[in-house]
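The working numbering applies: residue 1 is where the sequence shown begins, and numbers increase by one.
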Amino acid sequence: CALPIPWIAGWINLRCMLIHGAEFFALRPGLWLWALGLLMTLALSMGPVAIGRFTFSLYWMLLGMALSIAGLQAFYLGCLSQLFHDYNGRARARWLRVFSYNRSVAISASLAAAGLGCLVPLVTEYFSYGFRLSGIPSRPEHLAILGLLFLITSFANFVFTLVFHGAIFSLKPLRGRAAR
């Protein structure tokens with residue numbers, strides 16, 4: 001059974017729009033998802049929060065962490081998409097300012113240190129209970145999830161910075177076109 005030609009043309013058009021406009025689906029939605037996830041995770045980092053008859057606890061915090069990580073990765077991929085489809089050099093210059101190597105590495109190191117600091121109460125609890133956890137989610141468990149989010153974000157930011165700067169070097173320079 002042959003596919004109708006209009007359907008194939010529509011599919012090719014959709015593919016072209018998605019490939020050449022990937023940042024539309026990744027950049028801003030990724031930032032919003034990251035912000036929502038970070039807000040959820042930070043709000044629950046000291047323990048459960050009750051709003052009326054609803055209690056938000058560890059599982060909601062894990063959802064926030066997952067949303068934050070997915071959003072951050074979408075944002076990073078949107079940045080790369082803009083870089084690869086940058087025909088006038090504006091995106092390259094903007095993202096080089098935002099993700100300067102030294103600043104990004106310093107931010108990654110700071111996030112890693114904060115993440116490790118957030119894990120200390122859980123490790124202390126682990127040792128004090130004879131190499132096991134209490135089994136009751138409490139402040140150390142909530143802080144540990146925040147710490148894991150910081151560690152994952154730190155690693156993702158560091159790796160993205162390396163890939164981004166490698167991509168900058170591998171892209172052909174803008175020849176005969178001034179970066180406006």
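The beta carbon of each residue, even a glycine, is placed where N, CA and C say it ideally should be.
Nearest-angstrom Cα separation, counted from residue j out to residue i
{"i": "C1", "j": "C79", "result": "With a pLDDT of 49 at C1, under the threshold of 50, the modelled position of this residue cannot be trusted, and the question is left open."}
{"i": "F155", "j": "M61", "result": "20 Å"}
{"i": "W7", "j": "A22", "result": "22 Å"}
{"i": "T41", "j": "T153", "result": "13 Å"}
{"i": "Y87", "j": "L171", "result": "11 Å"}
{"i": "F84", "j": "L122", "result": "43 Å"}
{"i": "A66", "j": "I5", "result": "41 Å"}
{"i": "G64", "j": "A167", "result": "30 Å"}
{"i": "M17", "j": "L162", "result": "28 Å"}
{"i": "Y129", "j": "F25", "result": "47 Å"}
{"i": "R97", "j": "W11", "result": "37 Å"}
{"i": "G30", "j": "L39", "result": "14 Å"}
{"i": "G135", "j": "I51", "result": "24 Å"}
{"i": "T124", "j": "Y101", "result": "35 Å"}
{"i": "Q73", "j": "Y126", "result": "32 Å"}
{"i": "L146", "j": "F169", "result": "35 Å"}
Test item: CB-CB of residue i and residue j under 8 Å
{"i": "W34", "j": "F99", "result": "no"}
{"i": "L44", "j": "P137", "result": "no"}
{"i": "C118", "j": "A93", "result": "no"}
{"i": "L14", "j": "S68", "result": "no"}
Other residues of its chain near residue i: CB distance less than 8 Å, five sequence neighbours each side excluded
{"i": "T55", "result": "P48 and V49"}
{"i": "Q204", "result": "Missing from the structure shown is residue 204; the chain here goes from 1 to 180 and no further."}
{"i": "E141", "result": "L58, L122 and L133"}
Expected contact under 8 Å - CB spacing of residue i and residue j to nearest Å
{"i": "R132", "j": "M46", "result": "Not a contact, Cβ separation roughly 23 Å."}
{"i": "G71", "j": "G37", "result": "6 Å"}
{"i": "V120", "j": "F158", "result": "Their Cβ separation, rounded to whole angstroms, is 22 Å, which puts V120 and F158 out of contact at 8 Å."}
{"i": "L151", "j": "A112", "result": "6 Å"}
Own chain partners of residue i with C-beta closer than 6 Å, once the 5 adjacent residues on each side are dropped
{"i": "F164", "result": "F99"}
{"i": "I19", "result": "none"}
Residues near residue i in its chain [Cβ-Cβ closer than 7 Å; skip 5 each side]
{"i": "F160", "result": "Y76"}
{"i": "I107", "result": "N157"}
Sequence ranges, alpha helix (DSSP H) only - wholly within the region 92 to 152, length at least 4
Fully contained in the region 92 to 152 are the following alpha helix (DSSP H) runs of length 4 or more, in chain order: 101 to 128.
Give the list of continuous beta strand (DSSP E) stretches no shorter than 3 residues that lie fully inside the region 32 to 85.
49 to 51 and 54 to 56
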